[in-house]
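For reference, the structure is listed below as structure tokens.
Number of protein chains: 2
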Amino acid sequence: MSHPAVPAIRSDASRAIGDPFGRVAPHLAALDRFMHQQAEQFEPEIRDMAAYCLDTSGKRLRPTLVFISGWSGEGVVDEALVRAAGVVEMVHLATLVHDDIMDRAELRRSRPTASRQFGPDAAVLLGDALFSQALHIASQFPTTEVCRLVSASTRRVCSGEIMQTLRRRDLNVSLAEYRRMIDLKTAELFRVSCYLGASLSAQATGFAEAADRFGHHLGIAYQIYDDLADFLGEEKKIGKTLGTDLATGKLTLPLMLLLERVPADERAAIIKSLREGGTPGLAASKQRMHELGIAAAVKQTIDDELATALAALAPHASLPAVPLMSQLAGILQQQVAGLPSAPISR
Amino acid sequence: MSHPAVPAIRSDASRAIGDPFGRVAPHLAALDRFMHQQAEQFEPEIRDMAAYCLDTSGKRLRPTLVFISGWSGEGVVDEALVRAAGVVEMVHLATLVHDDIMDRAELRRSRPTASRQFGPDAAVLLGDALFSQALHIASQFPTTEVCRLVSASTRRVCSGEIMQTLRRRDLNVSLAEYRRMIDLKTAELFRVSCYLGASLSAQATGFAEAADRFGHHLGIAYQIYDDLADFLGEEKKIGKTLGTDLATGKLTLPLMLLLERVPADERAAIIKSLREGGTPGLAASKQRMHELGIAAAVKQTIDDELATALAALAPHASLPAVPLMSQLAGILQQQVAGLPSAPISR
């Protein structure tokens, strides 16, 4: 894998750490077929709209987590894992439909967002229909466990997003609050993806709980990476806009550290420029970012999180799933290392 | 029960046919306690917002359907029925939260809507969290059946609402399309409420299917009644605004019949006035409504639907649930009869 100075990632970074080793390609192909079949489950009147949202062009990171956590050897594509992957991916796609309404986003994976394509009102309902269908798939397992886990996870994801929405433009978010938000909005679905994969394949006592911890810390690491990439990034031609967190008033770790590390007068100036409308005030801060070591500190935080994720797997090193899970964490580590140490082109 | 010329109903009419006979009062009290407990299940950061939406001041019509369809005798408050009632009510409350965003509604049950209170962005997510929690409660039954039924129902409700949203200001909706929309958006949750009540109490072979049919036709009748009340009504001081369907461009049965029955020139004038902004064009149509027998025709349609609903119960007349279900249909019949035969004050 190459590591260009400016990695061609998408903001959700799934492009970067989806299935780079190609091991789960047959699983992802099965998932694609499954998702296409799912579109048929929607009422005829909304089927095309649902199919539009059940886009399989993303890197399907959460499904990949299900597949690698449930890995029991090459060539085995377990139907239950495909179904579980379908559930978490559909929940994720539903949240994207609703996120894009809130962010007034125009593009998602280089296509108009559902909100843009069908209008925000229809998009609210379409997201609801996707959530419903995700839970409907979850109800097709023999027991209620998948429903129970996924519905609780979905509620927590929404809670995290509500917190983030209500704290927009609020520069007094504490580190603990930031962590709680990314735990809920991102790590939650990573966690449940890993737990489901591991528990459905029932490989060893205690492994599902270890996979759960792995997924949690991987999710935290991933979101901080995503926030750093957004903070450092420049807009790519494909996919969606980077640098949007500042523009939408989201306080993320890099900015929090910056505000923490600068002297009071500089802090006031940055806050003033943010309040006046976003990124321009940071135009001159590239040099300052270097001096203050912001990116380095954020990268360290991510690495610590990834180390914790990997430590959770240590007692299960002999299971076939573990090397793949470690590899995925390693790829994120490399991606993090490949990020520049200061904002690009500002 | 009194029948004033202008019944003091709310637009969703649950006020009118909730629990007028007081038979399910202990059940509704148990439901209230259950819903208050449910608020505690939400993440602390959004608990107050969830509690705001888990308003128990409505007449809880869908829960009432669960309770009477599962009725096995005075004094029995079955926990499973309370839980099922909680599920359908929470799904309903979630749809209201999202509906009010789309309708730009300011008031619901005489309080600011969630959208007004917390902003539309937070309201989208809050509705999602309510949907998730509803399915989470559904997952607490011993089998996946409740999850399976309720998630499919929720998807269908959303599909109906999407159709309605996309057909706003479209005056070419056919009767079949209108029926399909109300079947999905309203009758679906009535149907599943009755089915769940009957099947959870397992009273007799075939009764759950009969209750399902009853709920379906009652739901259709109820929505047409609601549409007629909206068409005929004047704004009440409490609750929400009536006459909003015309204002929001919703084509309902009364207006469809009016357009069908008037001569071409009059039709053109009505359409023109609707296109120019809503109700004023109908100001002079009170007399015309009488002459054309619009309200009478709509009332007949509702009565036919209620007769079909009641016929479904006939084979099970000996079950304790049936008299209560019949009584509820009868109350709706009386409410329909009590509506005026032409619009009020225009």
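Residue numbers (the numbering used here), protein chains in the order written: chain Y, 506 to 851; chain A, 506 to 851.
Cβ coordinates follow ideal geometry from the N, Cα and C atoms, glycine included.
This one's a predicted model, so the numbers in the text were calculated from it and none came from an experiment.
Residues that residue i contacts on chain A, provided the C-beta gap is smaller than 7 Å
i: Y:V592; result: The premise fails here: Y:V592 is roughly 11 Å from chain A at the closest Cβ pair, so nothing lies under 7 Å.
i: Y:C663; result: L630, D633, A634, S637
i: Y:A657; result: H641
i: Y:R696; result: In chain order: nothing, as chain A lies at least about 15 Å away.
Residue i to residue j span [Cα, whole Å]
i: A:G786; j: A:A773; result: The predicted position of A:G786 is uncertain, since its pLDDT is 49 and thus under 50; a value taken from the coordinates is nonetheless stated next. Roughly 11 Å separates the two Cα atoms.
i: Y:P768; j: Y:I775; result: 11 Å
i: A:I807; j: A:M761; result: 15 Å
i: A:T649; j: A:A801; result: 44 Å
i: A:D604; j: Y:G632; result: 13 Å
i: A:G744; j: A:G798; result: With a pLDDT of 43 at A:G744, under the threshold of 50, the modelled position of this residue cannot be trusted; read the value that follows with caution. Answer to the nearest angstrom: the Cα atoms are 29 Å apart.
i: Y:A834; j: Y:V571; result: 14 Å
i: Y:Q645; j: Y:E594; result: 16 Å
i: Y:H508; j: Y:Y730; result: The pLDDT assigned to Y:H508 is 34, lower than 50, so where the model puts this residue is not dependable, and the model offers no usable value.
i: A:L844; j: A:L829; result: 23 Å
i: Y:L452; j: Y:L559; result: Nothing about residue 452 of chain Y can be read from this structure; chain Y reaches only from 506 to 851.
i: Y:T618; j: Y:A610; result: 7 Å
i: A:A521; j: A:V841; result: Confidence at A:A521 is low in this model, with a pLDDT of 48, below 50, so the placement of that residue is unreliable and no value is reported for it.
i: A:R766; j: A:L654; result: 40 Å
i: A:L630; j: A:A556; result: 14 Å
i: Y:R674; j: Y:L779; result: 9 Å
i: Y:Q805; j: Y:L763; result: 15 Å
i: A:G591; j: Y:A643; result: 20 Å
i: A:L533; j: A:R613; result: 20 Å
i: A:S698; j: A:V602; result: 20 Å
i: Y:V827; j: A:V587; result: 44 Å
i: A:V651; j: Y:A589; result: 19 Å
i: A:L640; j: Y:L640; result: 7 Å
Residues sharing a beta bridge with residue i, DSSP
i: A:L612; result: A:P617
Beta-carbon contacts of residue i that lie in its chain and below 6 Å, excluding the five residues immediately before and after
i: A:Q728; result: I687, T691
i: Y:H721; result: A692, R696
i: A:V678; result: R672, L756
i: Y:A481; result: In the structure displayed, chain Y extends from 506 to 851; residue 481 of chain Y sits before or after that span and is not available.
i: Y:Q839; result: none
i: Y:R621; result: E611
i: Y:L811; result: A726, A834, Q838
i: Y:R718; result: A817
i: A:A789; result: With a pLDDT of 47 at A:A789, under the threshold of 50, the predicted position of this residue should be treated as unreliable, though the coordinate-derived value follows. Correct list: empty, nothing qualifies.
i: Y:P512; result: Any reading at Y:P512 is ruled out, since the residue's pLDDT is 29, under 50, leaving its predicted position unreliable.
i: Y:L689; result: R661, S664, G665
i: Y:F636; result: A599
i: A:S574; result: C699, G702, A703, A716, A826
Proximal residues of chain A, C-beta to C-beta of residue i below 9 Å
i: Y:I775; result: Residues of chain A passing the Cβ test: none, with the nearest at roughly 25 Å.
i: Y:F646; result: T649
i: Y:L689; result: E548, E550
i: Y:R616; result: The premise fails here: Y:R616 is roughly 19 Å from chain A at the closest Cβ pair, so nothing lies under 9 Å.
i: Y:R613; result: Neighbours of Y:R613 on chain A: none; closest Cβ ~16 Å, over 9 Å.
i: Y:R684; result: Neighbours of Y:R684 on chain A: none; closest Cβ ~13 Å, over 9 Å.
Own chain, CB closer than 7 Å to residue i, minus 5 neighbours either side, in chain order
i: A:S846; result: H795, A800, A801
i: Y:S831; result: L815, L818
i: Y:A715; result: A817, L818, P820, H821
i: Y:F623; result: M554, L631
i: A:Q546; result: Q638
i: Y:D732; result: D750, T757, L758, P759
Cross-chain neighbours of residue i in chain Y, by beta carbon under 7 Å
i: A:E545; result: In chain order: nothing, as chain Y lies at least about 13 Å away.
i: A:D626; result: M607, T670
Under 8 Å by beta carbon: chain Y residues contacting residue i
i: A:H603; result: V629, L630, D633
i: A:I667; result: E550, I551, M554, A627, L630, L631, A634
Cβ-based neighbour list, residue i, same chain, cut-off 8 Å, excluding 5 preceding and 5 following
i: A:L737; result: P759, A800, L844, P845, A847, P848, I849
i: Y:P825; result: W576, S577, G578, Q708
i: Y:A544; result: R552, A555, A556, L559
i: Y:T561; result: L536, D537, M540, H541
i: Y:Y683; result: L756, T757, L758, M761
Beta-carbon neighbours of residue i, restricted to chain A and to distances below 8 Å
i: Y:C558; result: By Cβ distance, chain A contributes nothing, its closest Cβ being about 12 Å from Y:C558, past 8 Å.
i: Y:R653; result: H641, S644, Q645
i: Y:R588; result: Chain A residues near Y:R588: none, gap ~13 Å exceeds 8 Å.
Partners in chain Y for residue i, counting only beta-carbon separations shorter than 9 Å
i: A:R718; result: Ordered by position in chain Y, no residue passes the 9 Å Cβ test against A:R718, which lies about 20 Å from the chain.
i: A:R567; result: None at all; the shortest Cβ gap to chain Y is about 16 Å.
Inset, instruction - Decide yes or no for the touch test of the segment 654-665 of chain Y against the segment 702-716 of chain A: beta carbon pairs closer than 8 Å, at least 3 of them. - result: The segment 654-665 of chain Y is not in contact with the segment 702-716 of chain A.
Inset, instruction - Decide yes or no for the touch test of the segment 664-677 of chain Y against the segment 709-720 of chain Y: beta carbon pairs closer than 8 Å, at least 3 of them. - result: no
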